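Participant: In full-length UniProt numbering, the protein residues as written are 1 to 322.
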């Protein structure tokens with residue numbers, strides 16, 4: 001396996017890169033292309049004059065245009081993995097990609113302006129999205145994806161449409177993982193939960209293997225908002241990793257939610273409210289510990305008495321098949 005590596009300290013000001021490969025007829029083949037530490041790269045153009053056997057392409061720089069030259073119609077016939085590590089400088093509102101061979105696609109550090117992602121890849125089994133907002137996802141594959149990972153760093157408030165898009169994204173895959181970090185101390189937009197339930201066309205997704213949640217400089221606004229009600233209305237995660245606020249170490253919003261809605265059972269009267277579907281809760285501080293049933297003995301871990309509490313929750317729902 002040969003690798004073509006583009007990485008040099010004098011390439012820091014490189015703006016446009018064009019790679020052109022001809023048939024060397026020497027029997028060798030390059031199967032991996034890695035471009036890293038070229039922070040000002042904006043245009044990547046690859047012009048292939050024959051079916052070059054790239055299996056993996058990793059672009060670790062701020063690419064804003066992708067041009068695949070002679071193989072754009074076939075979309076790299078041998079490419080199995082494409083990673084774009086930094087899309088902060090992507091100026092377009094959409095990202096459209098077609099490939100007959102791609103199996104793994106990763107888009108990281110996507111900006112808020114990227115609102116539409118369309119992928120046509122019949123063999124795609126893994127998709128990872130990392131960004132500042134959740135775009136509209138349209139992924140066409142021959143069968144359902146095996147896994148989709150969504151990692152969001154939210155600086156702006158979200159509305160009901162955010163949760164509707166999230167529910168649609170979860171339907172694309174057999175398994176899913178969600179990580180949400182908020183950097184906004186302002187409360188969410190006013191979400192009408194009855195309206196959200198009416199607009200939802202599917203029951204809560206049961207394929208979310210793990211939900212991780214973290215806030216920055218937020219004492220209680222997110223806890224008092226309908227965020228958790230909304231996220232648990234669209235999915236019933238199996239595991240939740242609750243982390244303390246990055247600024248206020250005694251604030252762990254999901255822990256307080258479990259205290260209020262499970263131990264103290266301060267639920268609403270509507271039978272549609274998510275705690276009515278929560279059958280059992282187990283808890284542990286470390287992934288190396290055994291699970292224990294959540295009881296009043298754990299109250300000090302949940303009420304903010306202790307600082308820097310990192311807690312793992314296993315949620316068993318009434319619709320789970322054990």
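Beta carbons are placed, not taken as given, at the ideal position from N, Cα and C, and that holds for glycine.
Here the structure is a predicted model, which means the values were calculated and not measured.
#1: Within 10 angstroms of its Cβ, does residue 167 collect 16 or more other Cβ (buried), or is it exposed?
#2: Report buried or exposed for residue 143, applying the criterion of at least 16 other Cβ atoms within 10 angstroms of its Cβ.
#3: Cα-Cα, which of 239, 203, 253 and 232 is closest to residue 214?
#4: Buried or exposed: residue 258, going by 16 or more other Cβ atoms within 10 Å of its Cβ?
#5: Hey, could you find the ends of the alpha helix (DSSP H) residue 298 is sitting in?
#6: Compute the distance between the beta-carbons of residue 130 and residue 107, then report whether it is under 8 Å.
#7: With 16 as the cutoff for other CB atoms within 10 Å, does residue 311 come out buried or exposed?
#8: Taking Cβ positions, are residue 121 and residue 137 nearer each other than 8 Å?
#9: Taking the alpha-carbon positions, what's the residue 314 to residue 281 distance?
#10: Out of 147, 309 and 217, which one is the CA nearest neighbour of residue 243?
#11: Going by the beta-carbon positions, is the gap between residue 283 and residue 298 smaller than 8 Å?
#12: So if DSSP puts residue 240 in a beta bridge, which residue, or which two residues, is it bridged to?
#13: Could you pull out every residue in the same chain whose Cβ sits closer than 7 Å to the Cβ of residue 235, ignoring the five residues on either side in sequence?
#14: Which first and last residues belong to the beta strand (DSSP E) in which residue 107 is found?
#15: Pick out the complete beta strand (DSSP E) segments inside the stretch 140 to 195, 3 residues or longer, and give them in chain order.
#16: Between residue 139 and residue 114, how many whole angstroms is the CB-CB distance? I'm expecting something under 8 Å.
Facilitator: Quick look at the numbers:
#1: buried
#2: Sixteen is the threshold: since fewer than 16 other Cβ atoms of the shown chains lie within 10 Å of the Cβ of residue 143, the residue is exposed.
#3: 253
#4: buried
#5: Neither: residue 298 is in no alpha helix (DSSP H) and is coded neither H nor E.
#6: yes
#7: buried
#8: no
#9: Approximately 6 Å between the Cα atoms of the pair.
#10: 309
#11: Going by C-beta atoms, residue 283 is nearer than 8 Å to residue 298.
#12: 211 and 313
#13: 170, 204, 205 and 208
#14: 104 to 110
#15: The qualifying runs are 145 to 154 and 173 to 182.
#16: Their Cβ separation, rounded to whole angstroms, is 15 Å, which puts residue 139 and residue 114 out of contact at 8 Å.
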